[in-house]
Amino acid sequence: MGTQDHRHGLHRIFQHGAWVISGVVALLMAASPATAQPAAPCGDYATCFAIGIRAYTYAYPLVMTGVTERVATNVPNSTTTQGRAPVNQFSNNGVPVPGPTDIVLPNVNTPYSVAWLDLRREPVILHLPDLGSRFFLMESMDAWTNVIANSPGTRTAAGPGDYAYVGPDWTGPLPAGLTQVFRFPTNTVFIAGRTYSTGSPADLAAVADIQSRYTLTPLHQYGTSYRPPSDVAFDPGLDTTAPYVQIDTMDAGTFFSTFAQQWQSNPPVPADAAAVAEFARIGLVPGSPFDITRLDPVTRQALTDAARAGNQLVDTAAKRTSPTITNWNMTLDLGSYGTRYLLRAATARGGYGANYFADAVYAGALSDVTGQTLSGARNYTLHFAKGAMPPADPRAFWSVTLYNVPGGTLFANPVGRGALGVPTVENHDPCFAPDGSLTFYIQAAQPDPSTQPGQFCNWLPAPPGNFALLLRMYWPEQSLLDGRWIPPAVLAAP
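The sequence shown lines up with residues -36 to -1, 1 to 458 when you count with mature numbering (1 follows the signal peptide of the UniProt record, and there is no 0).
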């Protein structure tokens, strides 16, 4: 849940991939029939095709939101599972364990509390208990995957109280005494809550108690002893295939009609005015259904081809990496996209629920500094010099987690250690050297605790095969956000 960290693949950290548009368009145009056809309402084939690609890129996050919400909220009898719960209810999860899971790249630092809100009828009130000095974040994202800049959490000094989540259509009054009111441009909102734990049994129990006191209440029930309904609708035949796979298999008619349906309750924002005006030329109008069979043959063929090319474009952009000179992949401006529609689409595909950049920055490594794939067949070190630790605010945390590749799951090992970091991770503190530096030893072989106590303390167990590292930095400091700090190199032993 990367938002959650993503369910359907390793976190892809990339740069804006607009460079591929011209190549994809040229490829598809070269393959298109050159027969003369009458002009369509949007113009000739090439014009309609180009508009179609831009519309596909624009629409992709909203379609992803719709499919993901449908899968994540389809649970029987108000049952919550890992990352899944009925609409307007939290799914509270403990710390992840090695093995198959819905969540790829699970976060061992913060048990998740996730929820999908439907604000069409009325606002929903989020209640937060008193967490004291414990770090937490209720990342709150609209249907276009933009995260609000002031999500409730430690960074924004959110205290105990009641927070109103209000959709774009609500014009009624709100009760007095609310701690804060958040107004969203869409009626669908995703909350990816994270509550830090040291990982000790006692602290995990304390976090579970906190999670049980996170509540969501429809406005008309606010102030009552509300209990979420148990007779929720459940479709046992619903397609639960990974959302990106479902989108990959959609034809143009299905994709754009799904988008139009989502668009009715999740309208465009003013900054989208130019794009919205252009999309009307191919029959996409906010608030109106879309039926590709009602289009003229030229537009219909252009959109059929554009959907295929658009999907390729988004997938290519999602896979493009942005390596630092030390070969970590890191992007510093996610979570708020404006009109950067391709970046927004690529993030939705490669890491749905990406954090707002001021809340967290992730860096991923699949290879060492020389470009060789990380593998348990070799030993590695990751050295942080004194004064050059990952720049996360001390009220938050940073950690390095190891994942199996492929799969993105935690690696089961004899010491039960999937991550190292500061402060305590998985009930374990790393050992600093006398000079104040910190070195992690990433390898398959266990160092001898009696003869190599420092190496054993800072040992991150690796599998025999390939693996990936993910460096999480919550509440990043300015030196990270402005690019002055980059992760040190992962070095293979000679």
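We put the CB at the ideal spot given by N, CA and C, even for glycine.
Counting only residues of its own chain and dropping the five nearest sequence neighbours on each side, T311 has a CB closer than 7 Å to the CB of T109, L298 and A318. The alpha-carbon separation between E33 and G335 amounts to approximately 37 Å.
The DSSP-derived three-state label of M214 is coil.
Spanning the alpha carbons of V196 and P287 requires a straight line of approximately 45 Å.
In the displayed model, Y178 falls within coil according to three-state DSSP, outside both helix and strand. DSSP places R284 in no alpha helix (DSSP H); its state is neither H nor E. One Cα belongs to F220, the other to A456, and the distance between them is close to 48 Å. With contact defined as three or more Cβ pairs closer than 8 Å, the region 265 to 281 and the region 72 to 90 are not in contact. For F243, the enclosing alpha helix (DSSP H) starts and ends at A237 to F243. Put simply, of L81, A432, P87 and C421 the residue whose alpha carbon is nearest the alpha carbon of T135 is P87. Under the three-state reduction of DSSP, S229 is assigned to helix. Burial of Q407 is indicated by the presence of at least 16 other C-beta atoms within 10 angstroms of its C-beta.
By the C-beta density criterion, V209 is exposed, having fewer than 16 other C-beta atoms within 10 angstroms. Pairing G163 with T150 gives a Cβ-Cβ distance that is not under 9 Å. A329 places its beta carbon 9 Å or farther from that of W362.
Taking G371 as reference, the option from P40, M28 and P62 with the minimal CA-CA separation is P62. Under the 8 Å Cβ criterion, the region 113 to 122 does not count as touching the region 197 to 207, having fewer than three qualifying pairs. Around the CB of G400, fewer than 16 other CB atoms lie within 10 Å, so the residue is classed as exposed. Straight-line spacing of the CA atoms in S115 and T218 works out to 34 Å.
Shortest Cα-Cα distance from A352 to any of V369, F198, T337 and I450 involves I450.
The continuous beta strand (DSSP E) containing T152 extends over residues T152 to T159. Within the same chain, A224 come within 7 Å of S252 by CB-CB distance, once the 5 residues on both sides are set aside. According to the DSSP assignment, E390 belongs to no alpha helix (DSSP H), since it is labelled neither H nor E. As a beta-bridge residue in DSSP terms, S331 pairs with T337. Ranked by Cα distance from V379, the first of D412, A349, P354 and P387 is D412. The beta carbon of P182 sits closer than 7 Å to the beta carbons of N52, E86 and V88 from its chain, once the five residues preceding and following it are set aside; these are given in chain order. Per the coordinates, the alpha-carbon of T21 lies some 11 Å from the alpha-carbon of T303. Nearest C-alpha to F100 among P458, W439, A453 and D446: W439. Judged by pairs of C-beta atoms under 8 Å, the region 151 to 161 does not touch the region 232 to 239, as fewer than three such pairs exist. Relative to the Cα of D94, the nearest Cα in the group K283, S161 and R177 belongs to R177. Beta-bridge pairing by DSSP links T365 to A383 and L434. Sorting D269, S104 and P417 by C-alpha distance to the C-alpha of Y320 places S104 at the top. Non-local beta-carbon contacts of P40 in its own chain, meaning distances under 6 Å to residues more than five positions away in sequence, involve F198 in chain order.
The C-alpha of L90 lies about 13 Å from the C-alpha of P192. Straight across, the Cα-Cα distance linking A360 with G96 is about 13 Å.
In the assembly as shown, V31 is a buried residue. Its beta-carbon has 16 or more other beta-carbons within 10 Å.
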